[in-house]
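Report on one structure; see the data block that follows.
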Amino acid sequence: MSQEGAQIDKMSQEGMRASENAENVALGKPATKKPGLSLAERLGLVGYRNQSRSEIKPHIVVDTDICNSTCPHKCTTWVCPANCYTMDEDQKVHFQVEDCIECGTCMYACDQGAVDWNFPDPEIGRGVNWNFG
Amino acid sequence: MEDERFDAIVIGGGVAGLSAAMTLARANAKFLLVERGEFAGAKNVSGGVLWGSDLAKLVPEYWEEEDGGWERFVNHRRLSLMDEQSAFTLDFKSSHWNQPPYTGVVVLRARFDNWLAGKVQEAIDASDYAEESFIATDIKVDQVIMEGGRAVGIKTGDEEFHAQVVIIAEGVNNLLTRQVGLQTDYVPADHMLTGIKEIIRFDQQRLEDRFQLRGRSGMSNEFVGWATDGVEGGGFLYTNKDTLSVGLVLSIADLRAQKKSPHDILSHFKSHPVVADAIDGGEVVEYSAHVVSSGDKRAMPREVYADGVLIAGEAANLLLNAGKAIQGMDYAMRSGILAAETVMEAKAASDFSVGKLAEYRKKLDASYIMKDINGFQDAVHVLHDPIMQHKVPNILCDFGRSFFSIDNQPTAKSKDMLLSAVREHSSLWEMAKFGFKAGRAL
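If you read the sequences in order, they're chains U and B. Take 2 as the starting number for the first sequence in our numbering and just add one per residue. Take 90 as the starting number for the second sequence in our numbering and just add one per residue.
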């Protein structure tokens with residue numbers, strides 16, 4: 002359950018603090034944060050797999066060339082509950098798989114064929130490990 | 090080679106897969122259940138209430154167990170229609186639901202599925218194949234192996250396992266169902282929803298006092314209207330042992346069209362005065378999301394069986410929300426049982442042909458699952474109708490406000506209050522038409 006280590010290079014400070022939350026919760030201690038959470042704080046409560054691995058095999062591959070050329074809506078940037086799809090100042094779509102909670106929303110929302118969705122590999126992928134579910 | 094084969098391989102340790110496995114173990118089948126999570130339930134999310142009494146068939150007298158995998162039984166049901174400030178609630182609580190087998194139990198899947206998997210392991214241990222049937226976790230199936238158009242096993246990494254029948258119980262994101270050709274490769278967003286929720290923890294006594302819970306009794310509350318910020322869908326609040334499950338199901342197509350984020354709408358829902366009062370003082374301990382199908386038949390795979398394959402649970406999009414309850418886990422349970430029974434009958438007849446497996450379709454059609462899904466399609470449409478989603482909640486809340494407000498003025502007749510609320514948000518003609526449609530559908 003607590004494979005999360007302090008040596009996670011890709012996580013932000015915020016994510017780090019929140020992962021402490023998840024650990025506290027798993028141990029039955031009170032979480033350090035109050036309700037009215039930001040998305041980053043919410044995601045900090047998620048238990049992810051293989052967090053100590055610096056390299057993971059992404060289970061979703063997004064052809065952002067499609068997003069950034071022919072897609073009329075770029076909807077993944079707002080429908081994803083984990084905000085894995087972001088838009089920069091130049092309106093370019095970027096994707097990161099680290100925060101993915103495997104819900105599947107993007108696979109249906111993207112009607113442009115840009116999202117190649119799979120289940121994460123248990124050993125070398127990321128993906129969730131729910132405490133409550 | 091022949092001896093190495095399992096009677097069945099079950100893909101997925103969720104409710105459907107575990108129910109199939111329990112049935113197989115009890116019937117002395119040799120089977121393999123594979124689950125990609127670290128444990129059964131590790132990847133699973135539901136609202137969620139498991140409705141009906143099938144659980145008592147799988148785990149007899151489960152309520153006797155001190156620390157069973159379920160949270161609370163439901164004896165209090167609420168349906169709330171919301172506007173910005175108010176909630177007009179249909180509330181039904183009855184002690185006739187206090188006796189087991191319960192009408193529904195609230196569950197948290199990481200706990201429930203894991204517990205149920207333990208029960209399945211006990212059944213395996215008591216079977217003739219105690220050493221040859223397995224529940225294997227951390228296994229992701231890459232492929233269903235096809236030979237001459239027939240599914241004969243699964244491939245995972247470099248390993249292959251063979252069976253007479255593969256029961257696919259992989260859940261709503263049914264990649265293998267697509268791979269074997271029963272579902273289109275791309276499933277459009279039209280009839281799919283995103284479920285999103287928070288688990289909010291309380292001191293148990295405080296939770297029980299707040300919701301008037303006694304022992305293991307619990308409450309289920311669904312919400313329509315303002316809850317979803319104009320997006321097609323609904324909200325829910327269920328009591329667990331010492332936590333609440335608070336969340337929404339939201340149409341993916343509508344989120345896309347309205348450019349709204351599910352997590353923003355969750356915050357919006359939680360800010361409603363009625364919800365805010367219910368969750369006040371609690372600590373959010375988990376945030377989760379998962380796609381769920383709408384119960385619209387148009388989303389379903391073209392068939393629930395193929396040569397060597399049976400599809401159970403949400404992989405077959407077996408789900409219904411016709412306004413009464415969101416039923417999915419009970420359908421998963423029953424369809425898993427029926428799939429396993431089909432396998433056992435095939436084994437008894439030494440006939441695993443596709444014609445024999447087609448019995449599964451007949452069993453499903455004859456069960457309450459397809460009877461209800463077929464019988465309540467109009468209700469699904471009514472529930473998702475913008476009139477039901479927005480106008481009806483506003484009318485009822487307006488009416489409630491006038492009806493229950495006392496301000497030392499001469500009081501209008503209730504009929505006039507209702508008419509005025511109808512005219513404010515709709516028209517008599519529209520409401521009459523809708524009422525007729527809804528009346529027929531339900």
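In this text, a Cβ means the ideal position worked out from N, Cα and C, and glycines have one as well. Quantities reported herein were computed from a predicted structural model and do not represent experimental measurements.
Where glutamate 103 of chain U meets chain B, residues with beta-carbon distance less than 7 Å: Lys132
Sort out for me which residues DSSP pairs arginine 161 of chain B with in a bridge. B:Val195
Along the stretch 350-382 of chain B, what residues have a CB closer than 8 Å to any CB found in chain U? Ser350, Pro351, His352, Ser356, Lys359, Ile368, Gly371, Glu372, Val373, Val374, Glu375, Tyr376, Ser377, Ala378, His379 and Val380
Nearest to aspartate 467 of chain B by CA position, among B:Ser424, B:Ala401, B:Ile288 and B:Phe525, is which residue? Across the set B:Ser424, B:Ala401, B:Ile288 and B:Phe525, the C-alpha of B:Phe525 shows the shortest separation from the C-alpha of aspartate 467 of chain B.
For chain U, is any of its Cβ atoms less than 8 Å away from the one on lysine 386 of chain B? no
Is there a C-beta anywhere in chain U that falls below 8 Å from the one on glutamate 127 of chain B? yes
Candidates B:Asp474, B:Ala215 and B:Leu507, of which the one nearest cysteine 486 of chain B by Cα: B:Leu507
Give the DSSP-derived three-state secondary structure of isoleucine 484 of chain B in the structure shown. DSSP, reduced to helix, strand and coil, places isoleucine 484 of chain B within a helical segment of the structure shown.
At least one CB of chain U closer than 8 Å to the CB of lysine 229 of chain B: is that the case? With its beta carbon less than 8 Å from one in chain U, lysine 229 of chain B belongs to the interface.
Is any beta-carbon of chain A found at less than 8 Å from that of methionine 281 of chain B? Checking the listed chains, one finds no chain A in this structure; the protein chains it contains are U and B.
Kindly confirm or deny that the stretch 105-121 of chain B and the stretch 209-229 of chain B touch, where touching means at least three C-beta pairs closer than 8 Å. yes
Who pairs with glutamine 498 of chain B in a beta bridge, going by DSSP? Paired residues: none, contrary to the question.
Glutamate 91 of chain B CB to nearest chain U CB: under 8 Å? Any reading at glutamate 91 of chain B needs caution, since the residue's pLDDT is 48, under 50, leaving its predicted position unreliable; the model's value is listed next. Not one chain U Cβ lies under 8 Å of glutamate 91 of chain B.
Relative to chain B, which residues along the stretch 91-116 of chain U have a C-beta separation below 8 Å, given in chain order? Ile102, Glu103, Cys104, Gly105, Thr106, Met108, Tyr109, Ala110, Asp112 and Gly114
Aspartate 96 of chain B and glutamine 253 of chain B - do their beta-carbons sit closer together than 8 Å? Cβ atoms of glutamine 253 of chain B and aspartate 96 of chain B: closer than 8 Å.
Glutamine 174 of chain B: buried (16+ other C-beta within 10 angstroms of its C-beta) or exposed? Around the beta-carbon of glutamine 174 of chain B, fewer than 16 other beta-carbon atoms lie within 10 Å, marking it exposed.
What are the residues of the stretch 54-74 of chain U that lie near chain B, defined by any Cβ-Cβ distance shorter than 9 Å? His74
Along the chain, which unbroken stretches of the alpha helix (DSSP H) at least 4 residues long are found entirely within the stretch 411-482 of chain B? 418-437, 443-446, 448-455, 457-464 and 466-473
Going by the beta-carbon positions, is the gap between glycine 425 of chain B and alanine 401 of chain B smaller than 8 Å? yes
With 16 other Cβ atoms within 10 Å as the buried cut-off, status of arginine 43 of chain U: buried
Can you tell me which of the three DSSP states isoleucine 57 of chain U falls into? coil
In the structure shown, what three-state DSSP assignment does asparagine 117 of chain B receive? coil
When you compare only the Cα positions, how much space is there between leucine 427 of chain B and leucine 472 of chain B? 29 Å
Starting from threonine 245 of chain B, trace the alpha helix (DSSP H) in both directions and tell me its first and last residue. Note, threonine 245 of chain B: premise wrong, no alpha helix (DSSP H); beta strand (DSSP E) at 239-245.
Cβ separation of cysteine 76 of chain U and valine 380 of chain B, assumed to be a contact under 8 Å, to the nearest whole Å: With 8 Å as the limit, cysteine 76 of chain U and valine 380 of chain B do not qualify as a contact, their Cβ atoms being about 15 Å apart.
Contacts that valine 276 of chain B makes with chain U (C-beta to C-beta distance below 7 Å): Tyr109
Between lysine 348 of chain B and chain U, is any beta-carbon pair separated by less than 8 Å? yes
Please classify isoleucine 462 of chain B as buried or exposed, where buried requires at least 16 other C-beta atoms within 10 Å of its C-beta. buried
Provide the residue span of the alpha helix (DSSP H) that contains histidine 379 of chain B, from first to last. Counting along the chain, histidine 379 of chain B falls outside any alpha helix (DSSP H), though it belongs to the beta strand (DSSP E) covering 372-382.
Distance check for threonine 500 of chain B and methionine 281 of chain B, CA to CA, integer angstroms please. 46 Å
Mind listing the chain U neighbours of tyrosine 261 of chain B? Cutoff is C-beta to C-beta under 8 Å, in chain order. Sequence inspection shows valine at residue 261 of chain B; the tyrosine mentioned does not correspond to that position. Within chain U, the residues near valine 261 of chain B are Gly105.
To the nearest angstrom, how far is it from the Cα of isoleucine 100 of chain B to the Cα of aspartate 440 of chain B? 22 Å
What's the gap between the Cα of alanine 316 of chain B and the Cα of glutamate 248 of chain B? For alanine 316 of chain B and glutamate 248 of chain B, the distance between alpha carbons rounds to 48 Å.
Kindly indicate which three-state DSSP category glutamine 253 of chain B falls into: helix, strand or coil? strand
Closer than 8 Å is the cut-off here; do at least three beta carbon pairs connect the stretch 353-365 of chain B with the stretch 116-132 of chain U? The stretch 353-365 of chain B vs the stretch 116-132 of chain U: no contact.
CA-to-CA distance, valine 261 of chain B to leucine 408 of chain B, given in whole angstroms: 10 Å
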